[in-house]
Amino acid sequence: MNTGTDEAVASGETFDPAEHAAAMVGHHYRVDDYYEVGREKVREYARAVQDYHPVHWEEDTAQEYGYDGLLAPLTFISLVGILAQRKLFEEVVTGYDLSQIMQTDQILEFHRPIKVGDQLTCDVYLHSFRQAFGGDIIVTKNIVTDQRDELVLTTYTTLIGRSGGDIDPNLAGAVRNVLMHGLGEDTPDHHPRTAPTAAPAPVASVPEVAPSKHALAFDSLSAGDELPPRTVRLTRGDLVNYAGVSGDANPIHWSDEVVKLVGLDNVVAHGMLTMGLGGGFVSSWLGDPGAVKEYNVRFTSPVYVGVDEPAEVEFTGKVKSVDPETRTAVVAIVAKSAGRKIFGRATATVQLA
């Protein structure tokens with residue numbers, strides 16, 4: 005069912021997606037099933053975001069670092085988030101064309117790192133809604149817990165879309181012709197489609213995480229220190245691979261026909277792919293991905309990926325501040341492609357040894 009849409013159709017009223025979204029702020033539901041983090045999926049995702057830190061690949065190394073399984077890369081939660089987001093737009097915030105929804109901000113607050121064997125449950129909230137810059141700005145909040153009812157992660161995702169306009173039939177047809185089966189109108193009947201409202205589940209505890217012995221030492225850093233730069237190349241194959249690994253089927257990431265109809269210059273890299281690349285940049289410098297406490301990115305420009313040559317993304321960073329009381333540091337991250345900044349404000353808060 006689509007909350008609000010069916011009622012409007014039945015009563016003969018004109019359905020206003022923006023008005024409905026504003027009325028649904030505060031709505032909460034729990035995703036139908038948990039997501040179990042698998043060993044090979046962690047490696048598959050690490051490869052997709054070109055993150056080769058050994059704790060994502062080698063169990064012996066992960067154990068040496070104090071973890072009882074492979075750690076997932078920082079943006080691995082996007083695999084869970086995209087399922088929750090799809091359900092939100094199918095059942096709660098209805099009336100939007102998903103092919104024209106853009107992500108503008110992502111906040112990841114880590115209570116502990118995600119690791120193999122976790123059974124992750126996601127509680128989804130429509131956190132806020134407003135209209136600005138000619139679009140509808142939607143913020144979702146996801147609270148992620150594990151099988152012990154302990155907090156793992158809190159995320160905030162900002163999306164912008166447009167409501168009230170007719171969908172170009174040429175675009176709709178092009179998307180329908182290239183979209184993988186099992187999404188959209190051809191979702192199988194056995195696939196769960198409901199998004200029940202639920203009272204917020206009580207969380208038993210916030211996990212205690214021991215300070216990392218493998219992160220950089222607090223005394224070794226000062227405000228103003230620069231991170232070693234890193235340049236990453238992205239091909240069309242990388243985009244297709246990430247689409248498959250992450251479940252992000254939006255054809256603007258791989259279909260030339262669709263990007264022309266949308267009005268883009270070329271196919272574009274997934275925002276969470278570029279954020280994942282940035283996560284690997286930070287954690288390889290830090291020494292222990294599990295010591296990242298928060299990672300926030302504002303997306304400002306797309307990374308266009310042509311057919312003839314790879315796109316390059318250049319990462320640089322600087323220690324913005326250090327806190328002697330918490331033994332943490334805030335790192336400012338700069339990412340550029342083709343001379344343009346692709347991140348606006350991007351920071352990571354890290355726990356130091």
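Per our numbering, the very first residue in the sequence shown carries number 5; after that it's consecutive.
Every residue gets a Cβ at the ideal spot worked out from N, C-alpha and C, and that includes glycine.
Just so it is clear, the structure is predicted and the values come from calculations on it, not from any experiment.
Strand pairing of V210, partner residues [DSSP]: Residue 210 sits at position 206 when you count from the first residue of the sequence shown. DSSP, once it has assigned bridges, lists no residue as partnering V210.
Express the C-alpha separation of V307 and L268 in angstroms, rounding to a whole number. The sequence position of residue 268 within the sequence shown is 264, counting from 1. The sequence position of residue 307 within the sequence shown is 303, counting from 1. Distance between the alpha carbons of L268 and V307 is about 11 Å.
If you follow the beta strand (DSSP E) that V334 is in, where does it begin and where does it stop? The residue labelled residue 334 in the question sits at position 330 within the sequence shown. V334 -> beta strand (DSSP E) spans T332 to S341.
From the DSSP output, which residues share a beta bridge with F391? With the chain covering 5 to 357 only, the question about residue 391 has no answer from this structure.
Within a Cβ cutoff of 6 Å, which residues of the same chain sit near Y246, ignoring the five residues on either side of it in sequence? Numbered from its first residue, the sequence shown carries residue 246 at position 242. These residues qualify, in order along the chain: A52, H274 and L277.
F93, enclosing alpha helix (DSSP H) - first and last residue: Looking up residue 93 in the sequence shown gives position 89. Segment S82 to E95, the alpha helix (DSSP H) holding F93.
Apply the 10 Å Cβ neighbour rule to A227 and answer buried if 16 or more other Cβ atoms are within range, or exposed otherwise. Locating residue 227 in the sequence shown gives position 223, counting from the first residue. Looking at its Cβ environment, which holds fewer than 16 other Cβ atoms inside 10 Å, A227 is exposed.
Touching by the beta-carbon criterion (3+ pairs, under 8 Å), the segment 29-49 and the segment 130-142: With a cut-off of 8 Å, the segment 130-142 and the segment 29-49 count as touching, because enough Cβ pairs lie within range.
Contact check, Y39 vs Q110, beta carbons under 9 Å: As a working mapping, residue 39 is identified with position 35 in the sequence shown. As a working mapping, residue 110 is identified with position 106 in the sequence shown. No, these two residues do not count as a Cβ contact at 9 Å.
9 Å Cβ cutoff met for A342 and A219: Taking the sequence shown and counting its residues from 1, the one referred to as residue 342 is at position 338. Taking the sequence shown and counting its residues from 1, the one referred to as residue 219 is at position 215. The answer is no: Cβ separation not under 9 Å.
Assign G73 to one of three DSSP states: helix, strand, or coil. Numbered from its first residue, the sequence shown carries residue 73 at position 69. It is coil, neither helix nor strand.
Among L281, L231 and W258, which residue has its Cα nearest to the Cα of R237? To locate residue 237, count along the sequence shown from 1; it is residue 233. With distances taken between Cα atoms, R237 lies closest to L281.
Distance, Cα to Cα, I147 vs A88? Here residue 147 is taken as the residue at index 143 of the sequence shown, counted from 1. Here residue 88 is taken as the residue at index 84 of the sequence shown, counted from 1. Cα to Cα, the separation comes out at about 11 Å.
If you draw a straight line from the alpha carbon of E318 to that of G139, how long is it in whole angstroms? For the purposes of this step, residue 318 is identified with residue 314 of the sequence shown, where counting begins at 1. For the purposes of this step, residue 139 is identified with residue 135 of the sequence shown, where counting begins at 1. Rounded to whole angstroms, E318 and G139 show a C-alpha spacing of 30 Å.
Just to confirm before moving on: does the CB-CB distance between L74 and V46 stay below 9 Å? Locating residue 74 in the sequence shown gives position 70, where the first residue counts as 1. Locating residue 46 in the sequence shown gives position 42, where the first residue counts as 1. Yes, the Cβ-Cβ distance between L74 and V46 is below 9 Å.
Contact check, D252 vs I141, beta carbons under 9 Å: The residue you call residue 252 lines up with position 248 of the sequence shown. The residue you call residue 141 lines up with position 137 of the sequence shown. Their beta carbons are not under 9 Å apart, which means D252 does not touch I141 by this criterion.
Note down, in chain order, each residue of its chain lying with its Cβ closer than 7 Å to the Cβ of D150, except the 5 sequence neighbours on either side. Here residue 150 corresponds to residue number 146 of the sequence shown, with the count starting at 1. These residues qualify, in order along the chain: D122, Q123, L124 and V156.
Would you identify the three-state DSSP class for L254, choosing helix, strand or coil? Position 250 of the sequence shown, counted from the start, is the residue given in the question as residue 254. Here residue 254 is Asn; the residue named in the question, Leu, does not match the sequence. Reduced to three states, the DSSP call for N254 is coil.
Just curious, the alpha helix (DSSP H) that T278 is in, first and last residue? As a working note, residue 278 is residue 274 in the sequence shown. Membership of T278 in the alpha helix (DSSP H) is indicated by the continuous run G275 to L290.
7 Å CB neighbourhood of T353 in its chain, flanking five on each side removed: Here residue 353 refers to the residue found at position 349 when the sequence shown is read from its first residue. Excluding residues within five positions, the ones whose Cβ falls inside 7 Å are K297, E298, T332 and V334.
Limits of the unbroken beta strand (DSSP E) element including Q123: In the sequence shown, counting from the first residue as 1, residue 123 sits at position 119. Start and end: Q123 to A136.
Relative to the C-alpha of H24, which residue among D223, E313 and Q135 is closest? For the purposes of this step, residue 24 is taken as the residue at position 20 of the sequence shown. The option with the nearest alpha carbon to H24 is Q135.
Looking at the secondary structure, which residues open and close the alpha helix (DSSP H) in which E68 lies? Indexing the sequence shown from 1 puts residue 68 at position 64. Taken as a continuous stretch (DSSP letters only), the alpha helix (DSSP H) holding E68 covers E63 to E68.
Which first and last residues belong to the alpha helix (DSSP H) in which A52 is found? Taking the sequence shown and counting its residues from 1, one reaches residue 52 at position 48. Per DSSP, the unbroken alpha helix (DSSP H) holding A52 starts and ends at R43 to A52.
Identity of the residues DSSP links to I164 by a beta bridge: Here residue 164 refers to the residue found at position 160 of the sequence shown. BP columns for I164 point to M106 and I141.
To test your reading of the DSSP string, which unbroken alpha helix (DSSP H) runs of 4 or more residues are found completely within the segment 225-271? 240-250 and 260-266
D55 beta carbon less than 9 Å from that of S288: To locate residue 288, count along the sequence shown from 1; it is residue 284. To locate residue 55, count along the sequence shown from 1; it is residue 51. Cβ atoms of S288 and D55: closer than 9 Å.
State buried or exposed for K217, treating a residue as buried only when at least 16 other CB atoms are found within 10 Å of its CB. Along the sequence shown, read from residue 1 onward, the residue named residue 217 stands at position 213. It counts as exposed.
Whole-angstrom C-beta distance between Y49 and A76, which should lie under 8 Å: For the purposes of this step, residue 76 is identified with residue 72 of the sequence shown, where counting begins at 1. For the purposes of this step, residue 49 is identified with residue 45 of the sequence shown, where counting begins at 1. That pair is a contact at about 7 Å.
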